[in-house]
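J.: Handing you a structure now.
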Amino acid sequence: MQIRSDNGLEIRVDFVQTQASHFHEALEILFLCGEGSMEVRTDSDSWVMNPEDIIVINSGIRHQILSYDQGSILCSLWIPRSLISRSIHQDLFLIVCNSVTDKNHHFGELRSIIKSLIKHCLMNKSADLYFLGKFYQFLYELTKHYLILHDDVRYKEKISKNEERTQQILSYLYDNYNRDISLNELAGKLYLTNAYLSRFFKKTFGVNFGEYVNMIKLHYAASDLLYSSKTITRIAMDNGFSNMASFNKSFKTVYHMTPKEYKENGGSSSGENEWETDQNRRSLEEQLQGYMEQIDNTDSTPEICAVADCTQKNENYPCKRPWQVLLNVGDMVSLKDYRIRSELLRINSSLKFTYARLWNVLSNDMLLGTYISDDPSDYDFSYLDECIDFLLQNGLKPFLQMGYKRVRDQERIRMDVRRFSVMSLFSFKSLDELIKVLRLTLKHLIVRYGQDELNTWRFEIWHPNISYYLPDIFFSGNEDIFSAKVYWEIRSLLPHGKIGGAEFSLLLDMDQNYNSMMRYKEEGIQFDFITCVSFPYKVSHEGGSMKREWQIDRHFMRNEMEALKQNLIKVGWGNCPVWVTEYSFTLEHRNILNDTRFKGAYILRNMMDVFDIVDAAGYWLLSDIYSEGGDSNRLLYGGSGLATKDCINKPVYFAFYFLSVMKPLFVEKNENYLLTTDGNGNYSLLCHNMKELNYLAFSKSEKDLTLEDMNKVFEDEKALRLKIILKNIGSGLYRLKCLKIDAAHGDIQTWVRENNTIMGLKRQEIWHLQQSCMPQIRIYCQKISGSQSLGIEEKIEANDFLYYEIERVL
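In case it helps, my numbering puts the sequence shown at residues 17 to 826.
The structure is reproduced here in structure tokens:
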């Protein structure tokens, strides 16, 4: 059973058969299905594979397979080395993935994708978009977690000199087989003599150079005959044969039939025992069907079971709460909008953030975007005072980002990166003019509020990035000048103020961020905290322009933070607190996934991932009001806010509410739950069942996703059964409260999908939705005696999440 795509991605599923020692250019991924075992041997190692073990055989590695049990099924995936090489821009690499020897990696994601491909092979038998999507997802997981590049010290430990040379030879031959190449040319590339290379080639490959090149040509030609619609003449020319006569002769020598006969017979010899082959195929399909049914039954409701020992003392392990430190509100002038103010007060009354982050402080909208004179009486600070007073009077501290972002009607982000000039936001004619107005503004704030008060605020230095650039009047070929001058101006007037920098964009290569940090350090700049933004995109370059590629990686945010931490250690800033001043799963303000339970579950998983390694995490954004546009007459339009423009809480709001009421001391966590305590016998439990997005979600532009897509964009819709046992919790009566967000409770998008024919809503109906869009609540008691444990068991549907409060009342 076999499927192969035009670009060489291939799956083969068959009964395990002993294979003599051999090697090939493609990477081969071995996966043992069902029952039984088999052995894989290389020149230096051997491994016995049991059911669901995975081993990757790299390009050029000689290996053999020994069959132990009749009827065992082997699934092998084939990925051309050249495909990976082009993707990572490296010729020499290894994929070190072996579940037999590696007990540190979690292979569940790889196994899941392989099983999906096997099921597709059984049901569809075609290299369609689903097949390609799954294969590329598998390739992404491999290169992300198991890739070792040539300059990695581990590379030399994993491969012998002969194996490395074989890989170099295969790389060159498979990249150039379809043109006229010679042994002399290859020897020159490898800096070897013809005589030495000829002996090495014959010993390693078993044939001479010309014969092996011809075998490669015939291999690709045979594949084209079976899987392409090209003419036989075109196939001969594309694969390096100079004429049809030489092609026919070579092909018949190896395959014992003409290319035409091979194409007509589907690659099978006319003398093959068709009855025996058919019997074998039916037996294989029956066993595979049984295997897949067993998987479906086993995996229908995955379970997570955990036991937490409540006698362990965690008083010295406080659970950091980065999610409550900071919230992005908008540009400074947005605080003059009554609706933004009302929403900030309403939301913060429950979620209890410390800082409100604002930008575009020195702007025309704030009456502070123009240099007039050095006399402070020539400036109108009334707008600024009004906004700051509002925050302080309501228990919020200002977090002032001393740079510029798009104003509200420009916030729509396009996937192609078009850098936005901040010139339209102010009327300064030079950097000196901006610094003078900054100095006057800071002096005004010091007089009005006092230095002690300003020392409790946070100031963030802004560095232009791939989305924003400064006009030439601000710098002379060095964008660092802007950031440095703003830093030193604030530091001179507020020597004990808290200054962070420099909103490092993790979309950029870490080397670029490292270089920026080193330049700041060389300038004598010492930030009190490091700031960065985290959105799951990668930047690619096409035709001289940059594009953002949206991706949802299971642990994207944590991986980014760990890489950033490594940079900080290299710079000498390893002890500097890290504040993620902006994060979400999208930059798009018209992505309807923003309105889903998935968004809430995504936030929970990422906060569980990073709460122990960052000091603040500023969610983007307060309200959908900020991103209103021509289409915002709808109830939902995919805005990034915690609530809709009509002040209806979205599922992501409740994710933050659940986080805000967690107890202060850490007990235990895994990927789907977090358990905390107050040290007095009371506990909080937070759980989610976030699902990964599938290829369909990424095949469309974010803003083009529709309500009808929401049932199709996730990898699966399986529920999760969660069992938590609190051991040694102590005798007594316990009160348990469960708050749950599901399709029927707290999910405004589900309501919209069920009522999508309604043209508009009355004011009273909006009020009703504001009141009714709430979590499900259940309250019950459990009595625990002696050494009894307290158990919680919940079935959590796809993208649902819940909060448990466990209190001892007697």
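Heads up, the beta-carbon is just placed ideally off N, CA and C, and yes, glycines get one too.
(1) With a CB to CB cut of under 6 Å and the five nearest residues on each side skipped, what residues in its chain are close to Ile741?
(2) With DSSP as the reference, please indicate the residues paired to Asp347 in a beta bridge.
(3) Please tell me whether Ile164 and Leu99 are closer than 8 Å, where the distance is taken between their beta carbons.
(4) Roughly how many angstroms lie between the CA atoms of Leu133 and Asp254, to the nearest whole one?
(5) What does DSSP give as the partner residue(s) for Met54 in the beta ladder?
(6) DSSP has Lys811 in a bridge; who is on the other side?
(7) What residue range does the beta strand (DSSP E) around His819 cover?
(8) Suppose you measure from the CA of Ala211 to the CA of Lys218; what does that come to, to the nearest Å?
(9) Measure the CB-CB distance between Tyr371 and Lys413 and report whether it falls below 8 Å.
(10) Considering Glu708, what are the terminal residues of the beta strand (DSSP E) in which it resides?
(11) By how many angstroms is the C-alpha of Gln310 removed from the C-alpha of Gln582?
(12) If we count the other Cβ atoms within 10 Å of its Cβ and call it buried at 16 or more, is Thr597 buried or exposed?
(13) Compute the beta-carbon to beta-carbon distance between Tyr420 and Trp375, rounded to the nearest angstrom, for a pair I have assumed lies under 8 Å.
(14) Report the partner residues of Leu93 according to the DSSP bridge assignment.
(15) May I ask you to list the residues that DSSP assigns as paired with Arg564?
(16) If you check the beta carbons only, do Glu41 and Tyr188 fall under 8 Å apart?
(17) Going by C-alpha distance, which of Thr220, Ile248 and Asp196 is nearest Asn230?
(18) Give every residue of the same chain whose Cβ lies closer than 6 Å to the Cβ of Leu82, excluding the five residues on either side of it in the sequence, and list them in chain order.
(19) Should Ser801 be labelled buried (16 or more other beta-carbon atoms within 10 Å of its own) or exposed?
(20) For a quick check, are the C-beta atoms of Gly517 and Thr547 less than 8 Å apart?
(21) Return the bridge partner residues of His761 from the DSSP annotation.
(22) Since I believe Leu441 is in contact with Lys380 (beta carbons under 8 Å), could you give me their beta-carbon distance rounded to a whole number of angstroms?
(23) Taking the CB atoms as reference points, tell me whether Ala632 and Leu361 lie closer together than 8 Å.
(24) Could you tell me the distance, in whole angstroms, from the CA atom of Leu509 to the CA atom of Ile515?
(25) Does the distance from the C-beta atom of Leu351 to that of Cys403 stay below 8 Å?
(26) Tell me whether Leu348 is buried or exposed, calling it buried when 16 or more other Cβ atoms sit within 10 Å of its Cβ.
(27) Quick one: is Asn607 buried, meaning 16 or more other Cβ sit within 10 Å of its Cβ, or exposed?
(28) Quick test of your reading: Pro334 and Leu681, contact by CB under 8 Å. State the CB separation rounded to the nearest angstrom.
(29) Mind reading off the beta-carbon distance from Cys797 to Arg751? Whole number of angstroms is fine, and I expect it under 8 Å.
(30) Does DSSP put His235 in a helix, in a strand, or in coil?
(31) Would you mind giving the Cβ-Cβ distance between Ser21 and Phe147, rounded to the nearest angstrom? I have them listed as a contact below 8 Å.
(32) Taking the alpha-carbon positions, what's the Glu325 to Ile745 distance?
(33) Do you know how far the Cα of Ser258 is from the Cα of Ile77?
(34) Which of the three DSSP states, helix, strand or coil, is assigned to Tyr333?
(35) State the DSSP-derived secondary structure class of Val587, mapped to helix, strand or coil.
(36) Using DSSP's beta-bridge definition, name the partner residues of Ile175.
T.: Put simply:
(1) When the five nearest sequence neighbours on each side are left out, the beta carbons in the same chain lying within less than 6 Å of the beta carbon of Ile741 are those of Val323, Ser805 and Gly807, in order along the chain.
(2) Trp375, per the DSSP bridge assignment.
(3) Not in contact: Ile164 and Leu99 (Cβ atoms no closer than 8 Å).
(4) If I take the Cα positions, the gap works out to 30 Å.
(5) Met54 pairs with Met65 and Ser83.
(6) According to DSSP, which records beta bridges pairwise, Lys811 is partnered with Arg737.
(7) According to the sequence as given, residue 819 is Tyr; it is not His. Unbroken beta strand (DSSP E) run through Tyr819: Phe817 to Arg824.
(8) Cα-Cα distance, rounded: 11 Å.
(9) Taking 8 Å as the Cβ cut-off, Tyr371 and Lys413 qualify as a contacting pair.
(10) First-last for Glu708: undefined, no H or E at that position.
(11) So the two alpha carbons sit approximately 44 Å from each other.
(12) Buried is the call here.
(13) The pair is a contact, with the Cβ atoms about 7 Å apart (cut-off 8 Å).
(14) According to DSSP, Leu93 bridges with Ile27 and Ile45.
(15) Looking at the DSSP assignment, Arg564 forms a beta bridge with Val555.
(16) Glu41 is not a Cβ neighbour of Tyr188, given a cutoff of 8 Å.
(17) The alpha carbon of Asn230 has as its nearest neighbour, out of Thr220, Ile248 and Asp196, the alpha carbon of Asp196.
(18) Contacts found: Thr34 and Glu55.
(19) With fewer than 16 other Cβ atoms within 10 Å, it is exposed.
(20) Closer than 8 Å, so yes.
(21) Looking at the DSSP output, His761 bridges to Asp758.
(22) The sequence shown places Asn at residue 380, rather than the Lys named in the question. Beta-carbon to beta-carbon, Asn380 and Leu441 are separated by about 7 Å, close enough to satisfy the 8 Å threshold.
(23) With a cutoff of 8 Å on beta-carbon distance, Ala632 and Leu361 are scored as not near each other.
(24) Spanning the two alpha carbons is a distance of roughly 12 Å.
(25) Closer than 8 Å, so yes.
(26) The residue asked about is misnamed: residue 348 is Met in this sequence, not Leu. With 16 or more other Cβ atoms inside 10 Å of its own Cβ, Met348 counts as buried.
(27) By the 10 Å Cβ count, Asn607 comes out buried.
(28) Taking a contact as a CB-CB distance under 8 Å, the pair Pro334 and Leu681 counts as one, their CB atoms being some 6 Å apart.
(29) Contact holds; Cβ gap of about 6 Å.
(30) The three-state secondary structure of His235, taken from DSSP, is helix.
(31) Ser21 to Phe147, Cβ: 7 Å. Contact.
(32) Here the sequence assigns Asp to residue 325, which means Glu is not the residue at that position. Pairing Asp325 with Ile745, the inter-Cα distance amounts to about 8 Å.
(33) Distance from the CA atom of Ile77 to the CA atom of Ser258, rounded to whole angstroms, is 31 Å.
(34) Tyr333: coil per DSSP, three-state reduction.
(35) Here Val587 carries a helix assignment [DSSP, helix/strand/coil].
(36) In the DSSP output, where bridge partners are listed per residue, Ile175 has none listed.
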